[in-house]
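First the structure, in the form of structure tokens, and then the observations on it.
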Amino acid sequence: MNSLDKIRRSVGLIGESDKIVEMLSLISQVASTDISILVSGESGSGKEMVAKAIHKNSKRKFESLVIVNCAAIPSGIIESELFGHKKGSFTGAIENKKGYFEEANKGSIFLDEIGELPKETQAKLLRVIENGEYIRVGESIAQKTDVRIIAATNRDLKKEVKKNNFRQDLYFRLNVFNLQIPALRESKFIE
4 MNSLDKIRRS VGLIGESDKI VEMLSLISQV ASTDISILVS GESGSGKEMV
54 AKAIHKNSKR KFESLVIVNC AAIPSGIIES ELFGHKKGSF TGAIENKKGY
104 FEEANKGSIF LDEIGELPKE TQAKLLRVIE NGEYIRVGES IAQKTDVRII
154 AATNRDLKKE VKKNNFRQDL YFRLNVFNLQ IPALRESKFI E
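Going by our numbering, the first residue of the sequence shown is number 4, and it counts up by one from there.
Now the structure itself:
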């Protein structure tokens, strides 16, 4: 079994078009690295499946893949969800809570719909990417994490940067490698 078939079977990717084969080849090239990856594509194009393929074919495959839908988490609690919180740090914080970055330590984190992340949280995510540190809500001591970041968006983040909706420095840190997923209508199963 060649490496493309291995990737295809690891998550059940189907399709034989040139674009699918090219995408599988790119996944094969980046899976073994630890670089941040930005997966771009329309809603429903399989960005989460691609993130799973990258993780399952990486050196982190025996560790956790934590999947976070940034658009589904209200802006008021997203920092607590991502970075955790200390008991009593806000109303309803009745116990200490691990965040997704702590849960993903040694593994990978998939930040789906990264373009929905509030600007304040974007700055804190940048710190994680730059030096592997985050601070739980209600604490002042930095925690360390070793995590590979795979982010996804259906937005044009370059345009969002120009509109000042997305931090340029974060965009460049996430976009070390951009994997464009073909739209389903372009991914004929046989060409």
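For every residue, glycine included, the Cβ atom is placed at its ideal position computed from N, Cα and C.
Any idea which residues DSSP pairs residue i with across the strands?
i, result
"A154", "L41 and L114"
"Q183", "S43"
"Q1", "With the chain running from 4 to 194 in the structure shown, residue 1 is simply not present."
"H88", "K100 and V140"
Helix, strand or coil, according to DSSP, for residue i in the structure here?
i, result
"V164", "helix"
"N99", "coil"
"N134", "helix"
"F192", "Its pLDDT being 44, under 50, F192 is placed unreliably by the model, and nothing is read from it."
"V14", "helix"
"L120", "coil"
"I81", "helix"
"I70", "strand"
Could you give the distance in angstroms between the alpha-carbon of residue i and the alpha-carbon of residue j?
i, j, result
"V150", "D21", "32 Å"
"I30", "S46", "19 Å"
"G110", "S92", "27 Å"
"R158", "S83", "25 Å"
"I153", "G79", "23 Å"
"I184", "L120", "21 Å"
"G44", "A186", "7 Å"
"E66", "N108", "8 Å"
"E25", "E163", "27 Å"
"D115", "G102", "16 Å"
Mark residue i as exposed unless 16 or more other C-beta atoms lie within 10 angstroms of its C-beta, in which case mark it buried.
i, result
"P77", "exposed"
"T94", "exposed"
"S48", "buried"
"E194", "Bear in mind that a pLDDT of 39 at E194, under 50, signals an unreliable position, so the model cannot answer this."
"G15", "exposed"
"K55", "buried"
"S143", "exposed"
Just to confirm my understanding: we take residue i, look at its own chain, exclude 5 residues before and 5 after, and list those with CB closer than 6 Å. What are they?
i, result
"E98", "K90"
"Y137", "F86, F104, V131 and Q146"
"T124", "I81 and E82"
"M52", "V14"
"V37", "Here residue 37 is Asp; the residue named in the question, Val, does not match the sequence. Here the set comprises R151."
"K59", "S13"
"K100", "G87 and H88"
Within the same chain, show all residues whose beta-carbon is closer than 7 Å to that of residue i, passing over the 5 residues directly before and after it, in chain order.
i, result
"I57", "I30, V33, A34, I40 and I153"
"L160", "G118, F169 and Y174"
Between residue i and chain C, is the shortest Cβ-Cβ distance under 8 Å, so that the two count as touching?
i, result
"N60", "Included in the structure is just one protein chain, with no chain C present."
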